[in-house]
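Visitor: Quick one: the structure is below, questions incoming.
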Amino acid sequence: MALRIYNTLTRQKEVFEPLHEGRVNMYVCGPTVYDYPHLGHAKSYIGFDVAVRYLRYSGYDTLYVQNITDVGHLQGDVDENAEDKVAARARARGVQPMQLVETFTREYFRAMDALNCLRPDISPRATGHIPEMIALIERLIENGHAYVVDGSVYFDVESFKEYGKLSNRRLEEQESGHRDVEGGSGKRHPADFALWKNAEGTGHLMRWKSPWSVGFPGWHIECSAMAMKYLGETLDIHGAGVENVFPHNEDEVAQSECATHQPFSRYWMHNGTVMVNGEKMSKSKGNFRVIMDEIGKYGAPLVRFWVLSKHYRTPVDYTDEGLQEAGRAMDRLKIALQSAERYLQLPEGTGDEEKAKGLDEHVATVVDRFKEAMDDDFNTPAALAVLFGLATEMNQLTASAAEKTPAGAAAAETARTAMLDLCGVLGLELAQAGGAAENDLTGPLVELVLAARQALRRNKDYAGADELRQSLGELGIVVEDRKDGSTWRRA
0 MALRIYNTLT RQKEVFEPLH EGRVNMYVCG PTVYDYPHLG HAKSYIGFDV
50 AVRYLRYSGY DTLYVQNITD VGHLQGDVDE NAEDKVAARA RARGVQPMQL
100 VETFTREYFR AMDALNCLRP DISPRATGHI PEMIALIERL IENGHAYVVD
150 GSVYFDVESF KEYGKLSNRR LEEQESGHRD VEGGSGKRHP ADFALWKNAE
200 GTGHLMRWKS PWSVGFPGWH IECSAMAMKY LGETLDIHGA GVENVFPHNE
250 DEVAQSECAT HQPFSRYWMH NGTVMVNGEK MSKSKGNFRV IMDEIGKYGA
300 PLVRFWVLSK HYRTPVDYTD EGLQEAGRAM DRLKIALQSA ERYLQLPEGT
350 GDEEKAKGLD EHVATVVDRF KEAMDDDFNT PAALAVLFGL ATEMNQLTAS
400 AAEKTPAGAA AAETARTAML DLCGVLGLEL AQAGGAAEND LTGPLVELVL
450 AARQALRRNK DYAGADELRQ SLGELGIVVE DRKDGSTWRR A
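Residue numbering for the sequence shown follows numbering that gives the first Met the number 0, starting at 0 and increasing by one per position.
See below:
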């Protein structure tokens, strides 16, 4: 089955065919670095991280560009009179804008590193690409798609007949929600958007000389200029949050295609939003969730697992109950790895050869089923379901065995390797969950304690058995009782 991606532009899943065989050029709208990265960033960038990982796993030479917006993103996306987000926050904190940008760019990468997101191949900053933006604006003016008003430059939406094709909006429906340029009569159409803003006499600290005025670029022109500089006039994949479809991505399409007369992106991917306990996340509601705070509560692997347990396009609700459920699910994979590790350390003897054969047969189908799930628009919940099935098969062989057989050891090792490899495709680092150094006595000692505990249970000394279990828990060992015996894992 070939990889299929849901394309926002066509509103359907399409077989993925890159512009150049074997190569993928992918651009993702990066953060506006004026505050701490939050859960919405986690969902978005983990989702695109998995897409990049899977494209590379599938053999594509993938160039991944994700920008840093450090100027031009106004507080009201369609309000031309709104203040720049970076400038406004810097003024409120009494710091230089670039000081603020440096602080939160570092915080962003710290959070992404903790979540095991691969660093983009290129992370261009808007402030480092002003000449490219000016050149692109000049092209649009020259070919009649942009015009100058009092030192500001606006894109003429009526000059692009396909305006609205990405967001599926008609131009005549877009007049409401837009505010006109100062003075009320400068723009030709209320939906015309700024490519360059005149900042003379405003006190705006981040401003540059241009042919039209001393000012700063509009938010939308930044992504077009940076994407095309590093990836060419036509991208294979452009990713963003669903909230950016309009106006940001719609305006990118318009200005890029009017400048180049080429399709801007072949596939548009948009991730769903994050709610917190059923409400939109916002500071005013007291439910704003900073990534590093949540990592402190739950651990980075669990936050990443929770994101992967939902499809990237699906809106999700972040709740304590949801994280606890995700934790129990992730534990199933940990337990399977730990049981396999324990089994491989057992002495050789006799065992159930049919279970070993059954595990071998299951592993043979796992990779194909995993790829089938991921080929369906990067369906990580379905891919995890494949891994849960593998975990069940592994536990049937390894969980309660007292001895290992050569066939069983081979099957357990193959299954363990497959589990770790496929978790790696998802960016889940679970090796430490089951791994132990060869001279680590933890496993054998825990097994001795579990044997003693089992003896207490056979003698109906349940209080003593519970005391041993509690003592192990205090040492970071979680014991789970099953019908076919007890298993353990590191907390």
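All residues carry an ideal CB built from backbone N, CA and C; glycine is no exception.
#1: In chain order, what residues of the same chain lie with their CB nearer than 6 Å to the CB of Phe159, ignoring the 5 residues before and after it?
#2: Under 7 Å Cβ to Cβ from Ser209, same chain only, skipping five residues before and after it: list those, please.
#3: Rounding to the nearest angstrom, what Cα-Cα distance links Ser308 and Gly295 in this structure?
#4: Quick check on the DSSP output: the beta strand (DSSP E) that includes Asn6 runs from which residue to which?
#5: Contact between the segment 84-98 and the segment 273-284: three or more CB pairs below 8 Å?
#6: Throw me the rounded Cβ distance for the Arg206 and Ala193 pair, which I believe falls under 8 Å.
#7: Would you list the one or two residues that DSSP bridges to Glu199?
#8: If you count every other CB in all the chains shown that lies within 10 Å of the CB of Thr7, and 16 or more means buried, which is it?
#9: With a threshold of 16 other CB atoms inside 10 Å of the CB of His219, please say whether the residue is buried or exposed.
#10: From Gln261, Ala363, Ala462, pick the residue whose C-alpha is nearest to that of Leu18; which is it?
#11: Take Ala325 and list the residues in its own chain whose beta-carbon comes closer than 7 Å to its own, dropping the five residues that flank it on each side.
#12: Along the chain, where does the alpha helix (DSSP H) that runs through Trp218 open and close?
#13: How far does the alpha helix (DSSP H) with Ile129 in it extend, from its first residue to its last?
#14: Among the candidates Tyr53, Leu38, Arg10, whose CA atom is the shortest distance from the CA of Met25?
#15: Using only the alpha-carbon positions, how far apart do Pro123 and Leu386 sit?
#16: Is it buried or exposed for Val14, if we count other Cβ within 10 angstroms and need 16 for buried?
#17: What number of angstroms, rounded off, separates the C-alpha of Tyr44 from the C-alpha of His37?
#18: Please confirm whether Ala411 and Leu396 have their CB atoms less than 8 Å apart.
#19: Under the DSSP definition of a beta bridge, which residues are partnered with Phe15?
#20: Whole-angstrom Cβ separation of Tyr35 and Phe103, contact assumed at under 8 Å?
#21: Could you tell me which residues DSSP puts in a beta bridge with Ile67?
#22: Take Gln537 and list the residues in its own chain whose beta-carbon comes closer than 8 Å to its own, dropping the five residues that flank it on each side.
#23: Quick one: is the Cβ of Glu320 within less than 7 Å of any heavy atom of the ligand FAD?
#24: What whole-angstrom Cβ distance do Ile67 and Gly29 have, given they're in contact under 8 Å?
#25: By how many angstroms is the C-alpha of Glu347 removed from the C-alpha of Lys356?
#26: What do you get for Glu20, buried or exposed, if any count of 16 or more other CB atoms within 10 angstroms of its CB means buried?
#27: Under a Cβ-count criterion, where at least 16 other Cβ atoms within 10 Å of its own Cβ denotes burial, should Pro405 be classed as buried or exposed?
#28: Do you know how far the Cα of Leu471 is from the Cα of Ala464?
#29: In the DSSP output, what is Asp480 paired with across the bridge?
#30: Does the separation of the CB atoms of Lys228 and Glu131 fall below 8 Å?
#31: Considering only residues of the segment 307-331, which uninterrupted beta strand (DSSP E) runs meet the minimum length of 3 residues and lie entirely inside it, listed in chain order?
#32: Counting beta carbon pairs with one atom in the segment 449-465 and one in the segment 360-368, are three or more of them shorter than 8 Å?
#33: Could you tell me if Pro216 is buried or exposed, where buried requires 16 or more neighbouring beta carbons within 10 angstroms of its beta carbon?
#34: According to the Cβ coordinates, are Val241 and Thr272 closer than 8 Å?
#35: Tell me where the beta strand (DSSP E) around Tyr107 begins and ends.
#36: Output the boundary residues of the alpha helix (DSSP H) element that contains Tyr26.
Guide: On the basis of the supplied data:
#1: For the purposes of this step, residue 159 is taken as the residue at position 160 of the sequence shown. Cβ within range, chain order: Ala253, Cys257.
#2: The residue labelled residue 209 in the question sits at position 210 within the sequence shown. So the list reads Ile133, Trp195, once near-sequence residues are dropped.
#3: As a first step, residue 308 must be located in the sequence shown, where it is residue number 309. As a first step, residue 295 must be located in the sequence shown, where it is residue number 296. A direct Cα-Cα distance of roughly 20 Å separates Ser308 from Gly295.
#4: On the sequence shown, residue 6 is found 7 positions in, with the first residue counted as 1. Counting along the chain, the beta strand (DSSP E) containing Asn6 begins and ends at 3-6.
#5: Not touching, per the Cβ criterion.
#6: Along the sequence shown, read from residue 1 onward, the residue named residue 206 stands at position 207. Along the sequence shown, read from residue 1 onward, the residue named residue 193 stands at position 194. In fact, because the Cβ distance is near 14 Å, the residues do not count as touching under 8 Å.
#7: The sequence position of residue 199 within the sequence shown is 200, counting from 1. Per the DSSP secondary-structure output, Glu199 pairs with nothing in a beta bridge.
#8: In the sequence shown, counting from the first residue as 1, residue 7 sits at position 8. Looking at its Cβ environment, which holds 16 or more other Cβ atoms inside 10 Å, Thr7 is buried.
#9: In the sequence shown, counting from the first residue as 1, residue 219 sits at position 220. His219 should be labelled buried.
#10: Counting from one through the sequence shown, the residue named residue 18 turns up at place 19. Checked all of Gln261, Ala363, Ala462; the closest Cα to Leu18 is Gln261.
#11: Along the sequence shown, one-based indexing puts residue 325 at 326. So the list reads Leu301, Phe304, Trp305, Ser308, once near-sequence residues are dropped.
#12: Within the sequence shown, numbered from 1, the residue matching residue 218 stands at position 219. Residues 218-230.
#13: Along the sequence shown, read from residue 1 onward, the residue named residue 129 stands at position 130. First-last of the alpha helix (DSSP H) with Ile129: 129-141.
#14: By one-based count along the sequence shown, residue 25 stands at place 26. Of the listed residues, the one whose Cα sits closest to Met25 is Tyr53.
#15: As a position in the sequence shown, residue 123 is number 124, starting the count at 1. As a position in the sequence shown, residue 386 is number 387, starting the count at 1. Spanning the alpha carbons of Pro123 and Leu386 requires a straight line of approximately 36 Å.
#16: Stepping through the sequence shown from its first residue, residue 14 is reached at position 15. Val14 should be labelled exposed.
#17: Numbered from its first residue, the sequence shown carries residue 44 at position 45. Numbered from its first residue, the sequence shown carries residue 37 at position 38. A direct Cα-Cα distance of roughly 11 Å separates Tyr44 from His37.
#18: In the sequence shown, counting from the first residue as 1, residue 411 sits at position 412. In the sequence shown, counting from the first residue as 1, residue 396 sits at position 397. At a Cβ-Cβ threshold of 8 Å, Ala411 and Leu396 count as neighbours.
#19: Along the sequence shown, one-based indexing puts residue 15 at 16. Note: Phe15 sits in no beta bridge, so no partner.
#20: Taking the first residue of the sequence shown as position 1, residue 35 is located at position 36. Taking the first residue of the sequence shown as position 1, residue 103 is located at position 104. With a Cβ gap of about 7 Å, Tyr35 and Phe103 count as contacting.
#21: By 1-based counting over the sequence shown, the position of residue 67 is 68. Within the DSSP secondary-structure output, Ile67 pairs in a beta bridge with Arg124.
#22: Because the chain is modelled from 0 through 490, residue 537 falls outside the range shown and cannot be assessed.
#23: The model on display carries no ligand, and the ligand FAD is accordingly not part of it.
#24: For the purposes of this step, residue 67 is taken as residue 68 along the sequence shown, with counting starting at 1. For the purposes of this step, residue 29 is taken as residue 30 along the sequence shown, with counting starting at 1. Between Ile67 and Gly29 a beta carbon distance of about 5 Å is seen, short of the 8 Å cut, so the two are scored as contacting.
#25: As a working note, residue 356 is residue 357 in the sequence shown. As a working note, residue 347 is residue 348 in the sequence shown. Spanning the two alpha carbons is a distance of roughly 17 Å.
#26: For the purposes of this step, residue 20 is taken as residue 21 along the sequence shown, with counting starting at 1. The residue is exposed, with fewer than 16 neighbouring Cβ atoms inside 10 Å.
#27: On the sequence shown, position 406 is the one that residue 405 refers to. Classification of Pro405: exposed, given that the 10 Å Cβ count is below 16.
#28: What you label residue 464 is simply residue 465 of the sequence shown in a count that begins at 1. What you label residue 471 is simply residue 472 of the sequence shown in a count that begins at 1. Each residue's alpha carbon lies about 11 Å from the other.
#29: Along the sequence shown, one-based indexing puts residue 480 at 481. DSSP lists Ser485 as the bridge partner or partners of Asp480.
#30: By 1-based counting over the sequence shown, the position of residue 228 is 229. By 1-based counting over the sequence shown, the position of residue 131 is 132. Annotated as proximal: Lys228 and Glu131, with beta-carbon spacing under 8 Å.
#31: Entirely contained in the segment 307-331, the beta strand (DSSP E) runs reaching 3 residues are, in chain order, 315-317.
#32: Between the segment 360-368 and the segment 449-465 there are fewer than three inter-stretch CB-CB distances shorter than 8 Å, so the stretches are not counted as touching.
#33: Sequence index remark: in the sequence shown, residue 216 carries index 217 (1-based). In the assembly as shown, Pro216 is a buried residue. Its beta-carbon has 16 or more other beta-carbons within 10 Å.
#34: For the purposes of this step, residue 241 is identified with residue 242 of the sequence shown, where counting begins at 1. For the purposes of this step, residue 272 is identified with residue 273 of the sequence shown, where counting begins at 1. Between Val241 and Thr272, the C-beta gap is smaller than 8 Å, which places the two residues in contact.
#35: Translated into positions along the sequence shown, residue 107 becomes position 108. No beta strand (DSSP E) holds Tyr107; the alpha helix (DSSP H) holding it covers 96-113.
#36: By 1-based counting over the sequence shown, the position of residue 26 is 27. Under the DSSP assignment, Tyr26 falls outside any alpha helix (DSSP H), being part of the beta strand (DSSP E) whose first and last residues are 22-27.
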